[in-house]
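One structure below.
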């Protein structure tokens, strides 16, 4: 056991590092920039990467990649993360949407869309979730009705990351409500700037707006924008969702090191709060969990490095990290005692990082699969336990009971 | 809000206390006595109580009770608990079995059995659970086959408290496997000393044997021993089980006070283990839970005192107390560090009370409804949430899938 | 055994709920939430005063209703349930209780009638920075009746007329009454996690201060006021946790996934059962606190600590798992879950964090054991 | 990145499992459990010796196989999975590691070959009573090479040939080698929670003692031995927790209630998912411990603490919820759940309780931060 690169990996790491040092943009303070300004920087960097084939690296050369191994992809990302480059705008599009287009679109469509997406000129979003279809995505209600060679679409999507700056999206809709819910779905690609598409930001409990609602009012699209057969939408969506696991990153937010620093700086009658045994036991627990997750990622990388498929251990990440973030943030606020309620970044310790993460953590426990859904997934896919009793398998969608 | 008796309650408490002082047997050291010896004492005390109508107090006078209110019953038990009298042998019989007999037997049977049971001359047990039917009692397999005026019974019951000293039992069996499981059951009373009945103690993981298996091999009983109609066994059993809640007592075992004493006597580098903040926080949590349960019982008693039906809050007791006992016992062993593994009562602190309760607590989390079943009950009966999807409602018992 | 609200108390509680159902809806709470310039709901505050709640536990001789503390607990439970955006706790649980505990006859006569009449908003100012203020780090100082120092955070400090301030005088800690409209007081409203409750930083530079209670007793009196407030706050917390359980249940019963309501899935059922269990344990501990507060029992310190620990834990669990039960909707600003999530933190911190109370509880256990 | 067993190590682990599947069934464990006179399974002990496992990490010059510590971890994982009733940990993780860590050339040459050859059972004796032994309360004392004092509990003390004993000499704490068959040694077997592992009280009255390592280093050496043992024990714990998850899953898949297997109920599914998550976190932390132990990294103390904390927590959870998943059957003597429940406590206590390790972990974090 060790943490070393193989000779090939080490060589590739040097190649990557050398390229990054020569090409990565200089550090800029994005905190004071607007989103469009940051996006512009991100697109430029994406184009630079694409030209050197450091994006979509595992794709074939013909599609803009370099046929790299998954571990080479990991190595690139490790090295890139040491540079302060703009990130995050292209992950969903290139990680989930464009691969779906590549798998199901005709050649013409692929030729039109893949290369600009790889170069960062066009960005894609994923339009699956709806207000009444969260964990149960296949219960979605957005309708597409055939009209000659066109489809007319009405309905609403929700929790769409980046919809306001995206150019295109893949859209899952119901084309037949008379069959059981999984069988009446169809996938399309759409132009996000088309008339009939309206994007509204969602005001989150944390104050920010990282996601959008997208409303469709008589959106008209041609049948040629269909991905896969009519009624095969769920099968197409599964291809998209299979890629999701790889796109979901680690959690951000303060961790054991930050709360340890907070405790050390918090004066108590006996010295500082780090001297408190109860805090120390909690700190040990947080460390063990956080290190456990980090080391679990090393196990995943080991599998990649050995050319194997990573084991299911990678599925444990978000359950642990989201709940730990919520618990740790709350403990930090309690350390501050009455003062903990203050969120003014000029006054609260560590620029109110803990107060902010307390408001963000509930979202983390929900987005990309709730705690409950993730435990179902571990139970069913990892441990092989039976699925839930399904009362919706053979009922026509229109006859299914619904609530909100 | 106060904790005072009403004037009537106070008067009754004095009456009870006076009677107990005059009549309760002198304290004897039962630790050195055999079970039959203790049982003899218990029967004598039961006879004394019955003569003064201090047992089955809420029953009508004609059946041996005194038509007392539930709060009078509570007051008697509170006062009796201050005396060191033998207890526990009659609770299941008089609390669950005999009321079932009273509700469903003919007059002749009632006249034969009720009075001797009240006087403690005959003891009853309840024969419902089976190896393959625990939480799902109605899934039981013990078969009764009609043979003229008789029924012939074969099968096995399990977790029967007191079966080895009981005289009679109420027995739930399957009389028709061709109908859905709840519909094919019938209840009987049986003589535990009859040929065809064999009682074997269960060796528990805690080392002791508080329960039994009971095997039936061609046990032949007359149809006159039937309680309720053929096929109505589940309805009859529900009457028995409704009385169970009242019969389940509080948990025993060390609590926050004992572990606090242990910590105080455990020397550490800084003084004693009670000075450790982590221990102190846990201690506070245990205290809050234990006091919360005690005070919740006071709320139940208040309802009784006011002539109301107690609220559902009484259902929370065992989930909390059983899990706390397991957690607290484990923490106590960890306080002792390496020494905690020792169970020798002459050497381990507090005569190994914590080690014993660690081995007993898992049983407490299962007996009388597992944690999981109790949470279902709270969710469904208290909060009104829907029951589980039931796949077994309309399937003939013989066609149901089974495992162990 | 009489360990529950009486019929009269239940009637009062029910009337309080009716009043708040009409006058303290989610829209009222959000008006304060969404408007940074609004520190509280002045209409609701007037209405609550008109109901007599501000003087519920103030003796009749001082203009109050002279009811018991249990009645005040019943009102607190409803205020907590409604997430009321008013300085009720600061004025009634802290200021009025401090005056009744330690005030001279003159101080009581001067201020209690104003509180009962709704003419005065109070505040209780102890904290000076992150962590618990203590004898070693207390900086606020009174010399010749003039207070100098900074208190942060002071709940309702920006709207209060009168504050009780913990400060040293001649090296001895004491509590002091300070009129905040007077000279030498600068106030700055702060952003907090719960914008429906107002918080300020107050800087004193020679503000007139009058001692409340004996010199040297500042920390002891603070603890005694906290004990009283803790019980009353526990009922607000309980009201909030009950509401979270209701919200979660209602949503779960009406939200469908995979063809049936999510209320039928064990993961949700057991989560709500856990909420119920925690809420009932908190209720029982809160009732004991109410009894101890009402009769002035020697058990008050341990009862208050147990009530505060149990209700803080219950509300935290209920408010965060209520968000979780609502899924994505629960994370939106539009749905009310976050109002309770925020308030649960405000109430858990305003009288000192639960961990501080666990320590106080164990100290009481040690004292009991030693006695 | 190479953070997993190698193929060779996996092969060794698989061979170990095969051997134990045949030679350490539940019946073997129960033979020791049910017979109070039996301290260990002597046949299994011989077999394990014949496999070379006792000397796996002992250098070839001292008669061992000279494999790495990762290989020993792989064996430990399988021994834990099988709940092996033998003095492997006492002999290999404690005695042999102590000798390799602090022994003189002569001491190593004298004892290591005997361990590798299966001719010697070891023990490690620090505790003298409830709580953690420390400089202030250590009573055992060596004068003129003669040890006096009482050690309790000493795991495998009743069957061991050679013990490492923590004792003072001239006021300085040290470790000492004591042959238990010699004069001045009285041993009494004790009843414990896990009868499949043997424990004794040992009274020394002038027993011959030879120092192991430097004078004054007794506590430092004890901690260093505990660090090594903790990593190896973590793998035994991991093997046990994995087995508990397997047992729970197998039972749940085959047990029907209300017409379907209980494995289909979310309460059970999520319980098993929780087990899985804890086991995987424990595995990752254990692997890091194995790496640190194997290469003698400076990170060993924090890696060992993290491994011990994670695996103790995982095994406790898995063993108790395995009983719970089995319902009434799980509470019987006849079903194997309690073997693991008992062993989880034995392993959690034998190198000091997890809370002690949490403190050590945080001390390491402080040190790292200071550096």
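Residue numbers (the working numbering), protein chains in the order written: chain F, 1195 to 1598; chain A, 1195 to 1598; chain U, 6 to 376; chain G, 6 to 376. Cβ coordinates follow ideal geometry from the N, Cα and C atoms, glycine included.
Residue 157(G), buried or exposed, once every other Cβ within 10 Å from all chains shown has been counted against 16: Position 152 of the fourth chain, counting from 1, holds the residue named residue 157(G). Counting Cβ neighbours within 10 Å, residue 157(G) comes out buried, since at least 16 surround it.
Tell me which same chain residues have a C-beta within less than 8 Å of the C-beta of residue 1377(A), skipping the five on either side of it? Here residue 1377(A) is taken as the residue at index 183 of the second chain, counted from 1. Cβ within range, chain order: 1370, 1425 and 1428.
I'd like to check one pair, residue 1359(A) with residue 1233(A): are the Cβ atoms closer than 7 Å? As a working note, residue 1233(A) is residue 39 in the second chain. As a working note, residue 1359(A) is residue 165 in the second chain. Closer than 7 Å, so yes.
Taking the Cβ atom as the reference point for each residue, do residue 43(G) and residue 1536(A) lie within a distance shorter than 7 Å? Here residue 43(G) corresponds to residue number 38 of the fourth chain, with the count starting at 1. Here residue 1536(A) corresponds to residue number 342 of the second chain, with the count starting at 1. Contact flag unset, no.
Find out if the Cβ-Cβ distance for the pair residue 153(G), residue 146(G) is shorter than 7 Å. Reading the fourth chain from its first residue, position 148 is the one you call residue 153(G). Reading the fourth chain from its first residue, position 141 is the one you call residue 146(G). The answer is yes: Cβ separation under 7 Å.
Between residue 248(G) and chain A, is there a C-beta pair that is closer than 7 Å? Position 243 of the fourth chain, counting from 1, holds the residue named residue 248(G). Residue 248(G) does not count as touching chain A.
Give every residue of the same chain whose Cβ lies closer than 6 Å to the Cβ of residue 1395(F), excluding the five residues on either side of it in the sequence, and list them in chain order. Your numbering for residue 1395(F) matches position 201 in the first chain. The answer, listed in chain order, is 1403 and 1406.
Straight-line gap, residue 1441(A) to residue 1435(A) (C-alpha atoms, nearest Å): Here the question's residue 1441(A) lines up with position 247 in the second chain. Here the question's residue 1435(A) lines up with position 241 in the second chain. Low confidence applies here, because residue 1441(A) scores a pLDDT of 41, under 50, leaving its location unreliable and the question unanswered by this model.
By DSSP's criteria, residue 1398(F) is part of a beta bridge. Which residues make up the other side? Translated into positions along the first chain, residue 1398(F) becomes position 204. 337(U), per the DSSP bridge assignment.
Leaving out the 5 sequence neighbours to the left and right, which residues in its chain are closer than 7 Å to residue 1423(A) when beta-carbon positions are compared? In the second chain, the residue the question calls residue 1423(A) occupies position 229. Excluding the 5 residues flanking it on each side, residue 1423(A) has no same chain C-beta neighbour closer than 7 Å.
At a cut-off of 6 Å, is residue 32(U) close to the ligand ATP when judged by its beta-carbon and the heavy atoms of the ligand? In the structure on display, the ligand ATP does not appear, and there are no ligands present to speak of.
In chain U, which residues lie less than 7 Å from residue 1580(A) when you measure between Cβ atoms? Within the second chain, numbered from 1, the residue matching residue 1580(A) stands at position 386. Near residue 1580(A) (Cβ distances below 7 Å), the residues of chain U are 266, 268 and 269.
So for residue 265(U), helix, strand or coil by DSSP? The count along the third chain starts at 1 and reaches residue 265(U) at position 260. Looking at residue 265(U) - three-state DSSP - the assignment turns out to be strand.
Listed from N- to C-terminal order along the chain, which residues in the stretch 129 to 141 of chain U have their beta-carbon within a distance smaller than 7 Å of any beta-carbon of chain F? 132, 134, 135, 136, 137, 139 and 141: these are the residues of the stretch 129 to 141 of chain U whose beta carbon lies less than 7 Å from some beta carbon of chain F, given in chain order.
Looking at C-beta atoms only, is the number of pairs between the stretch 1327 to 1338 of chain A and the stretch 1362 to 1369 of chain A that lie closer than 8 Å three or more? They touch, by the three-pair rule.
Please say whether residue 342(U) and residue 332(U) have beta carbons closer to each other than 7 Å? Residue numbering aside, residue 332(U) sits at position 327 when the third chain is read from its first letter. Residue numbering aside, residue 342(U) sits at position 337 when the third chain is read from its first letter. No, they are not a contact pair.
Bridge-paired residues (DSSP) for residue 1605(A): Past the edges of chain A, shown from 1195 to 1598, lies residue 1605(A), and the structure says nothing about it.
Identify which residue in 352(G), 176(G) and 289(G) has its Cα closest to the Cα of residue 84(G). Against the fourth chain, residue 84(G) aligns to sequence position 79. Selected option, being the one with the closest Cα: 352(G).
Element boundaries [alpha helix (DSSP H), containing residue 1266(A)]: Reading the second chain from its first residue, position 72 is the one you call residue 1266(A). Note, residue 1266(A): alpha helix (DSSP H), 1264 to 1274.
Candidates 304(G), 318(G), 135(G) and 186(G), of which the one nearest residue 368(G) by Cα: Within the fourth chain, residue 368(G) is the residue found at index 363, counting from 1. Measuring from the Cα of residue 368(G), the nearest candidate turns out to be 304(G).
Per DSSP, what are the beta-bridge partners of residue 210(G) in this structure? Start at 1 with the first residue of the fourth chain, and residue 210(G) comes out as number 205. BP columns for residue 210(G) point to 153(G).
One question on the structure: do residue 135(G) and residue 1533(A) come within less than 7 Å of each other, judged by their Cβ atoms? By one-based count along the fourth chain, residue 135(G) stands at place 130. By one-based count along the second chain, residue 1533(A) stands at place 339. Yes, they are a contact pair.
Reference residue 32(U); option with closest CA among 90(U), 73(U) and 148(U): Your numbering for residue 32(U) matches position 27 in the third chain. Of 90(U), 73(U) and 148(U), the residue nearest in Cα terms is 90(U).
Would residue 1510(F) count as contacting chain G if we go by Cβ distances under 7 Å? Reading the first chain from its first residue, position 316 is the one you call residue 1510(F). Residue 1510(F) counts as touching chain G.
So, for residue 21(U): in the same chain, excluding its five sequence neighbours on each side, which residues have a beta-carbon less than 6 Å away from its beta-carbon? The residue you call residue 21(U) lines up with position 16 of the third chain. Around residue 21(U): 80 and 83.
Closer than 7 Å to chain F by CB, residue 1475(A): Against the second chain, residue 1475(A) aligns to sequence position 281. When Cβ-Cβ separations below 7 Å define contact, residue 1475(A) makes contact with chain F.
Report the start-end ranges of each beta strand (DSSP E) in the stretch 1276 to 1350 of chain A that is 3 residues or longer and not cut off at the edges. 1318 to 1321 and 1337 to 1341
Closer than 8 Å by C-beta to residue 244(U): which residues in its own chain qualify, once you throw out the five before and the five after it? Chain order, please. The residue you call residue 244(U) lines up with position 239 of the third chain. A distance below 8 Å between beta-carbons, with the five flanking residues on each side excluded, links residue 244(U) to the following residues of its chain, in chain order: 81, 82, 83, 84, 85, 86 and 87.
Partner residues on chain G for residue 1330(F), Cβ-Cβ distance less than 8 Å: Position 136 of the first chain, counting from 1, holds the residue named residue 1330(F). Identification of chain G residues near residue 1330(F) by a Cβ-Cβ cut-off of 8 Å yields none; the smallest Cβ-Cβ distance measures about 15 Å.
Give the DSSP-derived three-state secondary structure of residue 8(U) in the structure shown. Translated into positions along the third chain, residue 8(U) becomes position 3. In the structure shown, residue 8(U) sits in coil (DSSP, three-state: anything other than H, G, I, E or B).
If the criterion is Cβ atoms closer than 7 Å, does the pair residue 1418(A) and residue 1554(A) meet it? As a position in the second chain, residue 1418(A) is number 224, starting the count at 1. As a position in the second chain, residue 1554(A) is number 360, starting the count at 1. For residue 1418(A) and residue 1554(A), no; Cβs fall outside 7 Å.
Measure the C-alpha to C-alpha separation of residue 1443(A) and residue 1317(A) and round it to an integer number of angstroms. Your numbering for residue 1443(A) matches position 249 in the second chain. Your numbering for residue 1317(A) matches position 123 in the second chain. Interpretation of residue 1443(A) is limited by its pLDDT of 44, a score under 50 that renders its predicted location unreliable; the figure taken from the coordinates is listed afterwards. Distance between the alpha carbons of residue 1443(A) and residue 1317(A) is about 19 Å.
Determine the direct distance from the alpha carbon of residue 1551(A) to that of residue 360(G), and round the result to whole angstroms. Position 355 of the fourth chain holds residue 360(G). Position 357 of the second chain holds residue 1551(A). Taking the straight line joining both Cα atoms gives about 21 Å.
Excluding the 5 residues preceding and the 5 following residue 358(U) in the sequence, name in chain order all residues of the same chain whose CB lies nearer than 6 Å to its CB. As a position in the third chain, residue 358(U) is number 353, starting the count at 1. The beta carbon of residue 358(U) lies closer than 6 Å to none in the same chain, with the five residues before and after it left out.
Local conformation of residue 1443(A) per DSSP, three classes: In the second chain, counting from the first residue as 1, residue 1443(A) sits at position 249. Note that residue 1443(A) scores 44 on pLDDT, short of 50, meaning its location in the model is unreliable; the coordinates nonetheless yield the value given after this. Annotated three-state conformation of residue 1443(A) is coil, per DSSP.
How far does the alpha helix (DSSP H) with residue 223(G) in it extend, from its first residue to its last? Within the fourth chain, the letter at position 218 stands for residue 223(G). Where residue 223(G) is concerned, the enclosing alpha helix (DSSP H) stretches over 223 to 259.
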